[in-house]
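Here's the structure, in structure tokens; my notes come after.
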Amino acid sequence: MPQTKKFIIDFDSTFTQVEALDILGEISLINDPDKAQKLQAIKDITDKGMEGSITFRDSLEMRLNILKATKSQITDLIAALKQKVSKSFERNKEFLQENANDIYIISNGFKDFIIPIVADYGIRKENVFANEFVYDEVGNIIDFNRDNPLSKNNGKAETIKRVNLEGDIYVIGDGYTDYEIKASGLANKFYAFVENVHRPKVVSQADHIAPSFDEILYLNKLNTKFSYPKSRIKVLLLENVHPIAVDLLQEEGYQVEVATGAMSEDELCEKIKNVSILGIRSKTNVTKKVLENANRLLAIGAFCIGTNQIDLETCLEKGIVVFNAPFSNTRSVVEMAIAEIIFLMRRFQDKSFGMHQGKWDKSATGSFEIRGKKLGIVGYGNIGAQLSVLAENMGMNVFYYDVIEKLALGNATKVNSLDELLSTCDIISLHVDGRKDNKCLIDREKISKMKPGAILVNLSRGHVVDIPALREAMLSGHLAGCAVDVFPEEPKNNKEPFVSELIGLPNTILTPHIGGSTLEAQENIARFVPGKIMEYINTGNTFNSVNFPNIQLPFLKNAHRLIHIHLNEPGVLAKINQVLANFNINIVGQYLKTNEKIGYVITDIDKAYEPEAIEALKTIPGTIRFRTLY
Numbered sequence: 001m002p003q004t005k006k007f008i009i010d011f012d013s014t015f016t017q018v019e020a021l022d023i024l025g026e027i028s029l030i031n032d033p034d035k036a037q038k039l040q041a042i043k044d045i046t047d048k049g050m051e052g053s054i055t056f057r058d059s060l061e062m063r064l065n066i067l068k069a070t071k072s073q074i075t076d077l078i079a080a081l082k083q084k085v086s087k088s089f090e091r092n093k094e095f096l097q098e099n100a101n102d103i104y105i106i107s108n109g110f111k112d113f114i115i116p117i118v119a120d121y122g123i124r125k126e127n128v129f130a131n132e133f134v135y136d137e138v139g140n141i142i143d144f145n146r147d148n149p150l151s152k153n154n155g156k157a158e159t160i161k162r163v164n165l166e167g168d169i170y171v172i173g174d175g176y177t178d179y180e181i182k183a184s185g186l187a188n189k190f191y192a193f194v195e196n197v198h199r200p201k202v203v204s205q206a207d208h209i210a211p212s213f214d215e216i217l218y219l220n221k222l223n224t225k226f227s228y229p230k231s232r233i234k235v236l237l238l239e240n241v242h243p244i245a246v247d248l249l250q251e252e253g254y255q256v257e258v259a260t261g262a263m264s265e266d267e268l269c270e271k272i273k274n275v276s277i278l279g280i281r282s283k284t285n286v287t288k289k290v291l292e293n294a295n296r297l298l299a300i301g302a303f304c305i306g307t308n309q310i311d312l313e314t315c316l317e318k319g320i321v322v323f324n325a326p327f328s329n330t331r332s333v334v335e336m337a338i339a340e341i342i343f344l345m346r347r348f349q350d351k352s353f354g355m356h357q358g359k360w361d362k363s364a365t366g367s368f369e370i371r372g373k374k375l376g377i378v379g380y381g382n383i384g385a386q387l388s389v390l391a392e393n394m395g396m397n398v399f400y401y402d403v404i405e406k407l408a409l410g411n412a413t414k415v416n417s418l419d420e421l422l423s424t425c426d427i428i429s430l431h432v433d434g435r436k437d438n439k440c441l442i443d444r445e446k447i448s449k450m451k452p453g454a455i456l457v458n459l460s461r462g463h464v465v466d467i468p469a470l471r472e473a474m475l476s477g478h479l480a481g482c483a484v485d486v487f488p489e490e491p492k493n494n495k496e497p498f499v500s501e502l503i504g505l506p507n508t509i510l511t512p513h514i515g516g517s518t519l520e521a522q523e524n525i526a527r528f529v530p531g532k533i534m535e536y537i538n539t540g541n542t543f544n545s546v547n548f549p550n551i552q553l554p555f556l557k558n559a560h561r562l563i564h565i566h567l568n569e570p571g572v573l574a575k576i577n578q579v580l581a582n583f584n585i586n587i588v589g590q591y592l593k594t595n596e597k598i599g600y601v602i603t604d605i606d607k608a609y610e611p612e613a614i615e616a617l618k619t620i621p622g623t624i625r626f627r628t629l630y
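Each residue of the sequence shown is one higher than the last, beginning at 1 in UniProt numbering.
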């Protein structure tokens with residue numbers, strides 16, 4: 001960093017995610033019967049002081065008066081604050097350590113806890129300017145050093161005057177006292193830091209609103225660790241994706257926008273133009289037209305199992321990686337299948353409906369145990385295989401059919417054809433994927449081959465079953481029951497009406513695509529999918545990707561990582577290595593994997609790269625996308 005450029009960083013709610021005195025209150029008031037009210041009072045006073053609506057000295061006196069803290073409690077406070085350093089400062093620890101001479105902490109907080117925190121980031125003790133507690137003989141905090149300018153109004157500006165810093169000065173903070181430095185003419189720029197808190201009065205005075213420290217480094221051309229600031233990565237999450245996913249992506253430093261429902265093709269075409277990461281569930285169709293408008297899209301996260309709603313081929317052509325959640329809701333779907341099988345075999349649906357109409361129908365007619373019955377599973381993937389295990393444990397005889405050779409679990413029996421499975425089993429449960437070949441897999445002909453009195457459960461995809469044919473089979477009595485959770489046409493949101501030929505049929509369970517809709521499943525998905533996307537953005541890992549060649553990369557240390565996505569054609573790897581050789585760049589690790597469409601090359605190099613080398617790599621014929629990570 002040039003010696004003429006100095007950064008002045010606030011501590012509370014900037015360097016750390018929290019106000020230290022709020023946390024001290026949690027510690028000092030732990031046994032106070034009025035703890036909740038006092039903590040809220042401290043927070044309110046803090047906010048008023050930060051916004052400038054009361055004088056800082058008044059806010060300090062009032063808070064210390066409520067706290068009644070001791071010197072011994074400062075140790076606990078330091079331990080707590082070390083866990084609350086702002087994520088973007090953690091990410092850029094190396095930058096802070098390397099440029100410690102030009103980093104200053106000027107805070108209305110207290111040296112007693114600030115110095116031990118910032119020291120871990122290389123910031124020198126003599127570069128920390130803050131208040132000081134005054135203790136009595138037994139260690140109670142009874143006051144603060146009232147001669148310290150930082151205990152007074154406009155104290156930060158006065159401190160900078162005394163320090164007499166030379167060169168360009170950039171202030172980073174969340175409070176009105178930070179803005180006062182710029183207002184006093186002592187700083188070139190004031191960055192309103194909003195990673196942790198957004199104060200409208202402060203933001204309105206800022207030269208720039210900084211969602212993270214990465215953004216500030218990027219704007220000042222000092223971003224050495226990441227090729228692109230995370231604060232500039234925009235995320236769009238649709239269809240009520242679980243809040244955990246939102247939190248994880250925001251903590252990573254991304255800008256996250258959330259929409260409750262699905263979007264039409266035209267809406268998404270407009271919205272996706274500046275989006276880097278798109279998160280959807282099953283109702284949003286990511287078409288070729290949408291992708292043609294996705295100028296910055298790096299990754300798509302399907303917060304579900306299926307990806308047939310995404311044009312995977314166009315994603316490949318544009319170098320957009322797609323991740324889904326193939327395991328996260330498996331248990332939820334399996335439990336629902338088991339429940340529906342029992343309900344249908346016992347005709348609970350009809351019995352319950354009759355009771356609600358005042359009809360008492362105590363009868364065993366058409367009611368059977370599941371023990372000893374033959375369950376036929378179509379599709380022996382993650383869900384089908386786990387259903388196999390649970391069903392067998394409940395006494396069922398399990399048979400399965402899959403177009404791919406799969407290892408049988410437990411005592412399950414593989415059959416050689418779908419027709420054989422249909423004609424053999426009492427219950428058929430569908431667990432196939434959404435590929436086009438599976439459209440009307442269970443049509444009129446296939447249903448006619450099912451055993452008379454059998455039941456059909458579809459928790460897979462709506463287009464897998466011929467709905468009119470299923471209706472006929474139910475009305476004729478050929479099938480004794482069915483459960484359908486997915487439909488060829490589904491409402492886009494909860495306000496649209498549901499229309500189906502299956503409505504009103506006897507012993508028929510209809511559910512609104514909720515096979516994976518449990519809190520446990522949604523939380524698992526909300527952790528899994530963002531984790532995979534962030535790993536791809538940060539390291540280039542594509543393991544578990546739906547469309548990209550799967551590469552699991554080692555941890556990168558003391559090197560730069562270059563990612564090259566290209567059309568799968570001969571000679572591209574040789575051209576990449578020739579460019580690196582031309583610029584005398586040594587390769588410390590290289591990983592290549594291809595599929596039928598693209599090649600994915602990750603190259604780790606041991607020296608800083610020249611811009612000309614990057615441009616040469618980008619212009620290799622067949623290049624789809626190129627990016628640098630470090």
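Glycine included, every Cβ here is placed at the ideal spot set by N, Cα and C.
{"Asked": "Start and end residues, beta strand (DSSP E) containing S59", "Found": "Taken as a continuous stretch (DSSP letters only), S59 belongs to no beta strand (DSSP E), being part of the alpha helix (DSSP H) at 56-67."}
{"Asked": "Nearest-angstrom Cβ-Cβ length linking G376 and I342, presumed shorter than 8 Å", "Found": "About 16 Å separates the two Cβ atoms, so there is no contact after all."}
{"Asked": "Identified DSSP bridge partners for S545", "Found": "F323"}
{"Asked": "Whole alpha helix (DSSP H) elements within the UniProt domain \"ACT\" (561-630), 4-residue minimum", "Found": "572-582, 611-618"}
{"Asked": "Y170, DSSP secondary structure in three states", "Found": "strand"}
{"Asked": "Contact set for E501: own chain, Cβ-Cβ below 8 Å, skip 5 residues either direction", "Found": "I467, P468, R471"}
{"Asked": "Host beta strand (DSSP E) of Q37 (start-end)", "Found": "Run containing Q37: none in the beta strand (DSSP E); it sits in the alpha helix (DSSP H), 35-51."}
{"Asked": "Backbone secondary structure at L165 - three-state DSSP", "Found": "coil"}
{"Asked": "C-beta atoms of I280 and A299 nearer than 8 Å", "Found": "no"}
{"Asked": "Closest by C-alpha distance to G122, when choosing among N188, E90, N145", "Found": "E90"}
{"Asked": "Classification of L475 by the beta-carbon crowding that lies within 10 angstroms, buried from 16 upward", "Found": "exposed"}
{"Asked": "Rounded separation between S517 and S332 - CA only", "Found": "7 Å"}
{"Asked": "Beta carbon of I141 nearer than 8 Å to that of L64", "Found": "yes"}
{"Asked": "As assigned by DSSP and simplified to three states, the class of L407", "Found": "coil"}
{"Asked": "Proximal residues to A337 (C-beta, below 7 Å), its chain only, five neighbours per side dropped", "Found": "L387, S429, V457, L459"}
{"Asked": "Beta carbon of I305 nearer than 8 Å to that of V322", "Found": "no"}
{"Asked": "Given K273 as reference, the closest of D214, L291, F11, V171 once Cα atoms are compared", "Found": "L291"}
{"Asked": "When K111, A119, G109, A581 are compared against I103, the one with the closest alpha-carbon", "Found": "A119"}
{"Asked": "DSSP beta-bridge partners of A483", "Found": "V457, I509"}
{"Asked": "Any non-hydrogen atom of the ligand ATP within 7 Å of E292 CB", "Found": "Because no ligand of any kind appears in the structure shown, any question about the ligand ATP cannot be addressed here."}
{"Asked": "Nearest neighbour of M50, chosen from N524, K71, A192, I503 [CA to CA]", "Found": "A192"}
{"Asked": "Residues sharing a beta bridge with Q255, DSSP", "Found": "K234"}
{"Asked": "Same chain only: Cβ atoms within 6 Å of N595, ignoring 5 sequence neighbours per side", "Found": "P549"}
{"Asked": "Residue environment, residue 665, which counts as buried when at least 16 other CB atoms sit within 10 Å", "Found": "This structure leaves residue 665 out entirely; the chain is present only between 1 and 630."}
{"Asked": "Residue(s) in a DSSP beta bridge with K6", "Found": "I169"}
{"Asked": "Simplified DSSP assignment, three categories, for G477", "Found": "coil"}
{"Asked": "Inter-residue Cα distance where the pair is P497 and I114", "Found": "58 Å"}
{"Asked": "Cβ shell of T623 (< 6 Å), same chain only, five flanking positions each side left out", "Found": "H566"}
{"Asked": "Neighbour-count burial assignment, A245, 16 or more Cβ in a 10 Å radius", "Found": "buried"}
{"Asked": "Nearest-angstrom Cα separation, counted from N544 out to S462", "Found": "A quick correction: the sequence has Gly, not Ser, at residue 462. For G462 and N544, the distance between alpha carbons rounds to 25 Å."}
{"Asked": "Nearest-angstrom Cβ-Cβ length linking N196 and S53, presumed shorter than 8 Å", "Found": "Contact doesn't hold; Cβ gap of about 20 Å is too wide."}
{"Asked": "Own chain partners of S151 with C-beta closer than 7 Å, once the 5 adjacent residues on each side are dropped", "Found": "R57, L60, N131, F144, N145"}
{"Asked": "Proximity below 8 Å, CB of I455 to CB of L479", "Found": "yes"}
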